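Residue 176 in the numbering used here sits at position 74 of the sequence shown; the count goes up by one each step and never skips.
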Amino acid sequence: MKNRVYIKDLKDHVGKEITIAGWVDVRRDQGKMVFFDMRDVTGKVQCVALPSRADVIEKGKEIRPEWVLEITGIVNKRPEKNIKAGVLNGEVEMEVIGIEILNKAETLPFDITTDTSVINEDTRLKYRYLDLRSDRMQKNIRMRSEFVKRVREFLFSKMFTEIETPLLTESTPEGSRDFVVPSRINPGNFYALPQSPQQYKQLLMVGGMEKYFQIARALRDEDLRADRGFEHTQVDVEMSFVEMEDVMNLIEEMMTTVVESMGFKIKQKPFPRITYKESMSKYGADKFDMRTEEEKKDKNILAYAWVVNFPFFEKTDEGKWTFTHNPFSMPIPEHIDWLMKGENIENILTTQYDLVCNGYESGGGSIRAHKPEILEATYKVMGYSQEEIKDRIGHMLEAFKYGAPSHGGIALGVERNLMNLTGESYLREVVAFPMTRGGKTAVMNAPKSLEEKQLKELGIKLVK
Numbered sequence: 103m104k105n106r107v108y109i110k111d112l113k114d115h116v117g118k119e120i121t122i123a124g125w126v127d128v129r130r131d132q133g134k135m136v137f138f139d140m141r142d143v144t145g146k147v148q149c150v151a152l153p154s155r156a157d158v159i160e161k162g163k164e165i166r167p168e169w170v171l172e173i174t175g176i177v178n179k180r181p182e183k184n185i186k187a188g189v190l191n192g193e194v195e196m197e198v199i200g201i202e203i204l205n206k207a208e209t210l211p212f213d214i215t216t217d218t219s220v221i222n223e224d225t226r227l228k229y230r231y232l233d234l235r236s237d238r239m240q241k242n243i244r245m246r247s248e249f250v251k252r253v254r255e256f257l258f259s260k261m262f263t264e265i266e267t268p269l270l271t272e273s274t275p276e277g278s279r280d281f282v283v284p285s286r287i288n289p290g291n292f293y294a295l296p297q298s299p300q301q302y303k304q305l306l307m308v309g310g311m312e313k314y315f316q317i318a319r320a321l322r323d324e325d326l327r328a329d330r331g332f333e334h335t336q337v338d339v340e341m342s343f344v345e346m347e348d349v350m351n352l353i354e355e356m357m358t359t360v361v362e363s364m365g366f367k368i369k370q371k372p373f374p375r376i377t378y379k380e381s382m383s384k385y386g387a388d389k390f391d392m393r394t395e396e397e398k399k400d401k402n403i404l405a406y407a408w409v410v411n412f413p414f415f416e417k418t419d420e421g422k423w424t425f426t427h428n429p430f431s432m433p434i435p436e437h438i439d440w441l442m443k444g445e446n447i448e449n450i451l452t453t454q455y456d457l458v459c460n461g462y463e464s465g466g467g468s469i470r471a472h473k474p475e476i477l478e479a480t481y482k483v484m485g486y487s488q489e490e491i492k493d494r495i496g497h498m499l500e501a502f503k504y505g506a507p508s509h510g511g512i513a514l515g516v517e518r519n520l521m522n523l524t525g526e527s528y529l530r531e532v533v534a535f536p537m538t539r540g541g542k543t544a545v546m547n548a549p550k551s552l553e554e555k556q557l558k559e560l561g562i563k564l565v566k
């Protein structure tokens, strides 16, 4: 589109003939004149069709909300008494001299000019592309983009390298059920979608990358709830030659820099540190909200805290030991000997650190086991045989034999952090195309059955 001007920049073009493009927000027909507000990605502006332009008046009476138009007109200053206080571009309006209808719109299935959170969820997600036009959703998704952008800029400033890791990988025990993908060229075998880039980022440390990050997609087949979905995005970070304090200090600096630059206030700096035992005793959980009732009314206040000294292992329903957070974690130094001997299992603490904020777990990480014998000892505690250990993590044990540096990292949930920044209570409000509560995709109809031809190609038979 030639010489298109964004609505936010109209005040720089007073007295000039320019072209804008966007959606009709509202239309008001006042007989001799037609008024309508146009909306683009940057804001809104009032447009006026005057009686002196009969062709424009005729077209102006035809248009309806959400039609897509290209408007040519002259930018005029509004009279002082008509300036809309607090409205972007409230001091200018467009005198319309030409209207091109790019696309018409039927009546929308719900009103997008109000808070759409009260609309039935199935309807909203069926027409998510319309829901995204609402002011609240525009703000949420753009804030998500700004958060990720500022995180990237911070990490680049600290000499981190952004590296992508595979989406098709091996099924490994990481705490949740895997989503699996059948292999057509290897019938009867399956890939797994990553619950996290955990092993790959550790292998990158063995590869000498030293400082890695990724805005990573993670997929976990776990029960859905308000703050959890099948898919999520995480700021994934790993560093070589570090201890707990190094990782925690870097992330604390990053979160402080990012959220304060976005206009938020942090309740307490440096972030308070509380042990898992103290947290359970005081709050009854390992995630908590330290804000006062008065502070909770101010969406701009963020109460961060670190939780440390987690138990490494816990008992399963079958009475076996399993990891509480991550099997690749390192015990605290004074408990390494217990792990190697398989003693005092219930008392072993790990170098795990969780970042909590306003009642949500915002991120979690640990210092990793970088010696093969330590990782092997962890799997032995969990009851794995030597053969099973080799099958599950033999590639990691092999890699660690070739000069693996000490390393540690963290993953910060993008959606959880955006819920804190926006004040939203549901993860779906900060995701462009989220799942429904029942695990159905927005807009598209998945999951659904495959055609018989596809099943045959994959060598799969369904059991009814």
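Backbone N, C-alpha and C define an ideal beta-carbon position, used for all residues, glycine too. Just so you know, these numbers come straight off a predicted model, no measurement behind them.
- Straight across, the Cα-Cα distance linking residue 537 with residue 332 is about 8 Å.
- DSSP links residue 417 through a beta bridge to 423.
- Within the same chain, and ignoring the five residues on either side of residue 467 in sequence, the residues whose Cβ sits closer than 7 Å to its Cβ are 349, 455, 510, 511, 512, 513.
- Your pair residue 201 and residue 171 checks out as a contact, with CB atoms roughly 6 Å apart and the cut at 8 Å.
- The Cβ neighbour count for residue 433, taken over all protein chains shown within 10 Å, is at least 16; the residue is labelled buried.
- As a beta-bridge residue in DSSP terms, residue 465 pairs with 457, 514.
- In this structure, residue 117 lies near residue 177, with their beta-carbon atoms less than 8 Å apart.
- Shown here, residue 538 sits in coil according to DSSP, grouped into three states, outside any helix or strand.
- Within the same chain, and ignoring the five residues on either side of residue 152 in sequence, the residues whose Cβ sits closer than 7 Å to its Cβ are 135, 197.
- Secondary structure note for residue 549: it is in no beta strand (DSSP E), with a DSSP letter that is neither H nor E.
- Under the DSSP assignment, residue 140 falls in the beta strand (DSSP E) whose first and last residues are 135-142.
- If the five residues before and after residue 402 are omitted, its C-beta is found closer than 6 Å to the C-beta atoms of 366, 367, all from its own chain and listed in chain order.
- With fewer than 16 other Cβ atoms inside 10 Å of its own Cβ, residue 555 counts as exposed.
- Here residue 474 carries a helix assignment [DSSP, helix/strand/coil].
- Runs of beta strand (DSSP E) with 3 or more residues, each lying fully within the stretch 208-290, are found at 282-284, listed in chain order.
- Assigned with DSSP and collapsed to three states, residue 320 falls in strand.
- Nearest Cα to residue 452 within the set 413, 489, 484: 413.
- Under the DSSP assignment, residue 195 falls in the beta strand (DSSP E) whose first and last residues are 194-205.
- Closest by C-alpha distance to residue 551, out of 564, 544, 541, is 564.
- Between residue 338 and residue 299, the C-beta gap is smaller than 8 Å, which places the two residues in contact.
- DSSP, read as helix, strand or coil, puts residue 125 in strand.
- Residue 126 places its beta carbon less than 8 Å from that of residue 165.
- By the Cβ neighbour-count rule, residue 418 is exposed, with fewer than 16 other Cβ atoms within 10 Å of its own.
- Beta-bridge analysis with DSSP links residue 407 to 458.
- Beta-bridge partners of residue 341 (DSSP): 313, 510.
- Residue 228 and residue 145 have their C-alpha atoms spaced approximately 26 Å apart.
- Counting C-beta atoms within 10 angstroms of its own C-beta, residue 387 has fewer than 16 neighbours from the protein chains shown and is therefore classed as exposed.
- DSSP places residue 172 inside the beta strand (DSSP E), whose first and last residues are 170-179.
- Residue 203 has its alpha-carbon roughly 28 Å from the corresponding atom of residue 217.
- In the DSSP assignment, residue 151 falls within the unbroken beta strand (DSSP E) covering 145-151.
- C-alpha of residue 260 to C-alpha of residue 308: approximately 20 Å in a straight line.
- Judged by beta-carbon spacing, residue 147 lies beyond the 8 Å limit of residue 157, meaning their Cβ atoms are not closer than that value.
- For residue 245, same chain residues with a beta-carbon under 7 Å away, outside a window of 5 residues either side, are 520, 523, 524 in chain order.
- Three or more beta-carbon pairs drawn from the stretch 263-273 and the stretch 311-327 are found closer than 8 Å, and the two stretches are therefore classed as touching.
- For residue 294, the uninterrupted beta strand (DSSP E) run begins and ends at 292-294, by DSSP.
- Within the model, the alpha-carbon separation for residue 241 versus residue 224 is close to 21 Å.
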